[in-house]
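Let me begin by presenting the structure, written as structure tokens, before commenting on it.
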Amino acid sequence: MVGRVLGGRYALGERLGGGGTAFVYKGRDSLLNRTVAVKVLNTQLTSDEDFVAKFRREAQAAASLSNPHIVGIYDVGQDGDIYYIVMEYVEGKTLKHHIMDKGPLDTSQALDVAMQIAEGLRHAHRHGVIHRDIKPHNILLTRDGQAKVADFGIARATTSSTLTQSGSLMGSVHYLSPEQARGGFTNERSDIYSLGVVLYEMITGQVPFTGDNVFSIGLKHLQESPRPPRELNKDIDPRLEEIVLKAMSKEQGARFSSADGMLNALADIAGSMENQTERKMSKRRTKEQAESLPELDNTYVPGMNAASTTRRNDMATKSKKKTPWLTIVSAAMLMVMLTTVMVLFYVFWPRPEVEVPNVVGHSLQEAEVLLRAANLSYTIMDGEWNSAVPANEVIRQQPEGGRVVRSGRVIQIVPSRGPELLEVPDIVGMTLLQAQITLLEAGFVLGQQSTRSSETVPVEQIIEQNPRVGFRAERDQQIDVVVSTGPVIVELSSPPLVGLSEIEVVETLNALGLTVGAISRDYNPAPYGTIIGQSPQAGERLRPGEAIAIVISRGTLLPVTVHIPRSKLPANAHLEISVEDREGRRVVVNRVVAPGEEDVNEQVSGIEPYRLIVKIDGRVDRDETIGRGGN
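Basically our numbering = 1-based index in the sequence shown + 38.
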């Protein structure tokens with residue numbers, strides 16, 4: 039597909055990503071000279087009307103949206119059997135990659151991104167569009183920090199359809215709402231739940247529910263409550279935690295009623311944080327102004343020294359009486375100060391810098407040894423399926439090897455879980471198209487296809503599959519199939535029919551177990567009623583019961599000019615010319631001759647030979663045979 043030009047203007051470049059139903063390419067619009075993103079429907083599914091209709095609905099729904107926080111749609115088209123959508127190309131990275139690179143976001147940044155997503159959803163919901171697949175992978179962050187909601191991959195305009203997606207898990211299972219997990223009705227609050235999960239991940243660095251498969255994770259969305267974010271990150275604002283948990287309520291009615299409501303709640307926290315920042319800056323400015331005032335002068339004033347000496351003597355007398363208490367208080371204060379200094383020393387004293395070792399490709403045990411030797415801590419993240427890397431071997435780390443960090447820094451390492459083994463579904467009895475869809479949804483692809491006759495399995499249905507149903511195989515493995523061609527049938531040779539009569543054709547075909555198909559007639563020099571053409575042609579292979587279309591000769595169409603002198607025509611004479619041939623008698627001229635009209639010349643024709651009859655005012659003027667055997 040790379041290098042292909044769609045619609046005469048969109049040149050496809052590198053593939054940016056894709057799923058089971060569509061792929062996204064970086065492209066170039068030659069007409070407007072700009073970079074675009076082109077989403078192309080998987081060619082394996084273009085023959086399925088439901089998928090094509092869904093793809094078009096997606097384009098229509100997304101194209102109706104225009105908002106700075108939604109990836110724009112420029113064009114929708116079809117090039118042969120390729121259906122595509124041309125979208126705005128966003129230079130940046132996904133929110134998922136940002137979280138993986140930076141870890142949990144601070145409150146202000148998380149608020150900023152969440153508010154932008156909510157703004158995009160508010161716009162979409164007001165136009166009757168539900169995203170249904172909100173997740174960090176579908177949130178693009180530009181270099182200047184703008185967030186854009188992308189890939190309305192399963193969006194549907196609620197005003198154009200009220201069909202639900204029962205029985206299917208839409209979107210990524212880590213972010214789907216409880217109603218999506220059970221295959222129930224979805225609405226705007228389903229997107230709010232998913233946004234709550236995204237915000238949870240932004241402030242904690244992890245998703246609320248994990249499991250070994252989609253079913254266990256989906257069940258947790260239905261039954262379990264998420265761990266409060268502040269248990270994972272005590273620096274989270276309690277008000278922000280409250281918003282997250284409200285958005286992730288199991289019941290739709292307990293969530294925010296709209297994206298607008300969630301946006302307002304987020305904006306309230308952001309506003310209060312700005313006010314607190316302004317008050318701190320005001321206090322800092324006041325302190326700086328006080329420190330800039332001139333110090334008081336210690337100039338000697340006559341008469342002042344004696345008075346001050348008297349006061350100091352009095353205070354010394356009183357001080358002697360309070361010495362024990364003063365000593366105790368002073369000692370306590372000294373201890374507090376020493377403790378504070380030690381804590382500050384531990385927290386702020388610069389620790390030595392160390393180089394992060396590269397542990398990618400090492401086992402978890404080896405990684406632990408290397409990191410501890412470098413005076414670094416580590417945390418093991420959720421493993422990822424990887425068919426190329428053995429289980430418990432590190433496939434990714436953050437920060438990467440070679441980076442210089444402070445000693446004691448926590449290094450995130452992601453181990454391989456080895457190849458993901460999925461259960462092969464049962465596709466026996468399905469058509470190839472049904473099998474393609476079933477396998478894609480289960481994580482497999484359709485492999486080699488062979489055919490075999492079967493007395494029991496209908497034509498074009500699958501007889502066998504390999505690997506068999508229930509076998510656990512790696513994701514994306516090919517499943518080979520054997521397709522039925524139906525019962526064994528002895529083929530026949532199409533007989534020659536040209537030159538036979540229609541009756542002879544019927545008798546011939548009946549004797550062979552064939553039937554007469556479509557019948558057409560055409561003018562031809564061959565005798566009337568004889569066969570002049572057939573399809574399939576003589577000698578082609580047929581099965582019993584199949585039909586042969588035939589063409590029957592109508593004979594030769596012979597034209598003639600009928601000349602009648604004016605002298606034969608009374609004033610306002612009524613002229614009638616008839617033709618009688620194998621197809622019956624018909625009037626071809628029937629009119630009144632105008633008074634000023636000269637000799638009459640009328641062009642008529644019939645199937646040779648035919649009878650020509652001319653009448654003037656009802657009297658037969660001519661009755662003759664035209665053609666072979668005639669005049």
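Every residue, glycine too, gets a C-beta built ideally from N, C-alpha and C.
- For the options Ala473, Val397, Ile569, the alpha carbon positioned closest to that of Glu438 is the one of Val397.
- Contact between the region 144-160 and the region 215-225 is absent: fewer than three C-beta pairs spanning the two stretches fall below 8 Å.
- Here Arg66 has Tyr48, Ala49, Gly51, Arg72, Thr73, Val74 as same chain residues with Cβ atoms under 8 Å from its own Cβ, once five neighbours each way along the sequence are excluded.
- By the neighbour-count criterion, in which a residue is buried when 16 or more other Cβ atoms sit within 10 angstroms of its Cβ, Ala152 is buried.
- Across the structure, Glu129 and Ala188 are spaced so that their CA atoms are roughly 13 Å apart.
- DSSP places Phe253 in the helix class (H, G or I) of the three-state scheme.
- For the pair Pro453 and Glu404, the CB atoms are not nearer than the 9 Å cut-off.
- Closest option to Ile241, judged by alpha-carbon separation, among Arg666, Leu133, Ser445: Leu133.
- In the three-state scheme derived from DSSP, where H, G and I count as helix and E and B as strand, Leu143 is classed as coil.
- The residues Val187, Ala188, Asp189, in chain order, have a CB closer than 7 Å to that of Asn176 in the same chain once the five nearest residues on each side in sequence are set aside.
- Under the DSSP assignment, Thr242 falls in the alpha helix (DSSP H) whose first and last residues are 226-242.
- In the three-state reduction of the DSSP assignment, Lys173 falls in the coil class.
- Separation of Gly524 and Ala511 (C-alpha to C-alpha, rounded to the nearest whole angstrom) is 30 Å.
- In the structure shown, Leu372 falls within a helical segment according to DSSP collapsed to helix, strand and coil.
- Here DSSP, grouped into helix, strand and coil, assigns Met125 to strand.
- Pairing Val167 with Ser232 gives a Cβ-Cβ distance that is not under 9 Å.
- Contact between Asp275 and Thr145 holds: CB atoms are separated by about 5 Å, below the 8 Å threshold.
- Pairing Val507 with Ile475 gives a Cβ-Cβ distance that is not under 9 Å.
- In this structure, His107 lies away from Ala219, with their beta-carbon atoms at least 9 Å apart.
- The straight-line gap separating the alpha-carbon atoms of Ala91 and Val483 is approximately 22 Å.
- Restricting attention to beta strand (DSSP E) runs no shorter than 3 residues, the region 441-503 encloses them at 442-444, 448-453, 459-461, 483-490, ordered along the chain.
- Contact between Ile651 and Asp661 is confirmed by a C-beta separation of about 5 Å, below the 8 Å threshold.
- Shown here for Leu372: not one same chain residue has a beta carbon closer than 7 Å to its own, the five before and five after excluded.
- With a contact defined as Cβ atoms closer than 8 Å, Val536 and Arg490 miss out at about 37 Å.
- The C-alpha of His161 is placed about 28 Å away from the C-alpha of Met138.
- Excluding sequence positions up to five before and after Ile602, its CB lies within less than 6 Å of the CB of Val638, all in the same chain and listed in chain order.
- Per the coordinates, the alpha-carbon of Ile517 lies some 5 Å from the alpha-carbon of Gly485.
- Counting only runs that start and end inside the region 586-633, the beta strand (DSSP E) elements of at least 3 residues fall at 595-602, 612-619, 622-630.
- By the neighbour-count criterion, in which a residue is buried when 16 or more other Cβ atoms sit within 10 angstroms of its Cβ, Ala426 is exposed.
- Counting the other Cβ atoms within 10 Å of the Cβ of Lys173 gives 16 or more, which makes it buried.
- In the DSSP assignment, Asn548 falls outside any beta strand (DSSP E) and within the unbroken alpha helix (DSSP H) covering 540-550.
- In chain order, Ser102, Leu103 place their CB closer than 7 Å to the CB of His165, counting only its own chain and leaving out the 5 sequence neighbours on each side.
- Leaving aside the five residues that flank Ser488 on each side, the residues in its chain whose CB is nearer than 6 Å to its CB run, in chain order, Val520.
- In the DSSP assignment, Ala285 falls within the unbroken alpha helix (DSSP H) covering 276-285.
- Taking C-alpha positions only, Ala473 is separated from Lys272 by approximately 50 Å.
- The region 544-563 makes no contact with the region 602-613, as fewer than three CB pairs between them are under 8 Å.
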